[in-house]
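Just below is one structure, and these are the notes that go with it.
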Amino acid sequence: MQSTVLLVDDDPGILQLVSRYFNLQLPDYGLVTADSGSRAMTQLQNNPDLILLDVNLPDIDGFTLTSQIRTVTSAPIIFLTARVTDADKVRGLGAGGDDYVTKPFSLAELGARIQAHLRRAHWPEKRAQVAAFGDLIINYSAQQVIVNGQPLVLEKKQYQLIEFLSLNPGQVFSREQLYEKLWGFDAAGDARVITEHVRRIRNTFVQAGAVCPIDTVWGVGYRWQN
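Residue 78 in full-length UniProt numbering sits at position 78 of the sequence shown, with consecutive numbering throughout.
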């Protein structure tokens, strides 16, 4: 079945450029567009599998719009922005975003990220259906993490990070390796989002009264402790 991508940007040049790229290089993907936040919410009726979202829109900022989108869909959101400060990344991830592409961007890079996100949004059945780590239970088929009998509220990328590490217990992965595994495109500068996701996962465990099994190996990366 054809995947649908929603592009939200108020720059007619960007809309035209990306539309042409889809027609020539990604003909198996459907593209719908919106030039404002209000139009983007209307376009959600097309059930997009992925959203490309400009941070600066005429009627609303992209981070606030992301929070509204998350009430409707969990589709991956890639921000298109010239703002790449750590503060912006933290705010974007906190709102429910998944990745960033910096303007001006390479169409080839954008296409690679889109395809990587969509592949990971449709990962095949996991080799283990349920795993237990003390009071922590991971239901891979339901994509659910349960602590002391209560399911945790996690963003999609946070669950995927837990899933990958828990399926490879004891093995140490760098931020770059984790970013490439989850996002599918090796971009070292953006690998810092892994650190923020780990921080938020740990806070969620603390709020649930539990210790997070994700261990920091200083100077190397992260691993899952049994």
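Even for Gly, the Cβ is constructed at its ideal location relative to N, Cα and C.
Status (buried if at least 16 other CB within 10 Å, exposed otherwise) for residue i
i           : result
Ala75       : buried
Gly170      : exposed
Glu155      : buried
Thr66       : buried
Leu53       : buried
Val206      : exposed
Arg175      : buried
Thr64       : exposed
Leu110      : buried
Ala108      : exposed
Val101      : buried
Val217      : exposed
residue 264 : Beyond the ends of the chain as shown, which are 1 and 226, falls residue 264; an answer cannot be given.
Ala142      : exposed
Inter-residue spacing [alpha-carbon to alpha-carbon] between residue i and residue j
i           : j      : result
Ile194      : Ala95  : 15 Å
Asp98       : Ala116 : 12 Å
Asn168      : Arg39  : 42 Å
residue 264 : Gln2   : Past the edges of the chain, shown from 1 to 226, lies residue 264, and the structure says nothing about it.
Arg127      : Leu57  : Note on Arg127: pLDDT 46, under 50, position unreliable in the model; the coordinate value appears next. Rounded to the nearest angstrom, the two C-alpha atoms are 43 Å apart.
Asn46       : Ile201 : 31 Å
Glu163      : Asn203 : 17 Å
Asp61       : Val8   : 11 Å
Arg223      : Arg119 : 24 Å
Arg113      : Ile138 : 27 Å
Ile146      : Phe173 : 24 Å
Gly209      : Gln144 : 17 Å
Gly134      : Gly149 : 11 Å
Asn23       : Gln68  : 29 Å
Element boundaries [beta strand (DSSP E), containing residue i]
i      : result
Ile77  : 77 to 81
Leu52  : 50 to 54
Gly219 : Per DSSP, Gly219 belongs to no beta strand (DSSP E) and is neither H nor E.
Cys4   : Per the sequence presented here, residue 4 reads as Thr, with Cys not at that position. First-last of the beta strand (DSSP E) with Thr4: 3 to 8.
Tyr29  : 29 to 34
Cβ pair residue i, residue j closer than 8 Å
i           : j      : result
Gly221      : Gln177 : yes
Leu165      : Ile214 : yes
residue 241 : Val55  : Examination of residue 241 is not possible in this model, given that the chain is present from 1 through 226 alone.
Asp59       : Ser36  : yes
Lys103      : Thr81  : yes
Tyr140      : Val153 : no
Gln225      : His197 : no
Thr33       : Ser19  : yes
Thr73       : Leu44  : yes
Start-to-end residues for the alpha helix (DSSP H) that takes in residue i
i      : result
Asn168 : Asn168 -> no alpha helix (DSSP H), and no H or E assigned at all.
Val193 : 193 to 207
Asp86  : 86 to 95
Ser67  : 62 to 69
Gln177 : 175 to 183
Leu24  : 12 to 25
heavy atom of the ligand SAH below 7 Å from residue i C-beta
i     : result
Asp88 : The ligand SAH is not part of this structure, which contains no ligands at all.
Residues near residue i in its chain [Cβ-Cβ closer than 6 Å; skip 5 each side]
i      : result
Tyr179 : Ala191, Ile194
Gly189 : In this predicted model, Gly189 has a pLDDT of only 46, less than 50, meaning its place in the structure is not dependable; the value taken from the coordinates is given anyway. Closer than 6 Å at Cβ, skipping near neighbours: no residue.
Ala187 : At Ala187 the pLDDT is 49, less than 50, meaning the model places this residue with poor confidence; the figure from the coordinates comes in the next sentence. For Ala187, where only same-chain residues beyond five positions count, there are no Cβ hits under 6 Å.
Cutoff 7 Å; reference residue i; Cβ partners in own chain excluding five residues on either side
i      : result
Pro124 : Low per-residue confidence applies at Pro124: pLDDT is 48, beneath 50, and the placement is therefore not dependable, though the value from the model is reported in the following sentence. Nothing meets the Cβ criterion.
Nonlocal neighbours in the same chain, by C-beta distance under 8 Å from residue i, ignoring five residues either side
i      : result
Phe105 : Leu80
Lys89  : Tyr100, Arg192, Val193, Glu196
Leu136 : Val145, Ile146, Val147, Ala210, Pro213
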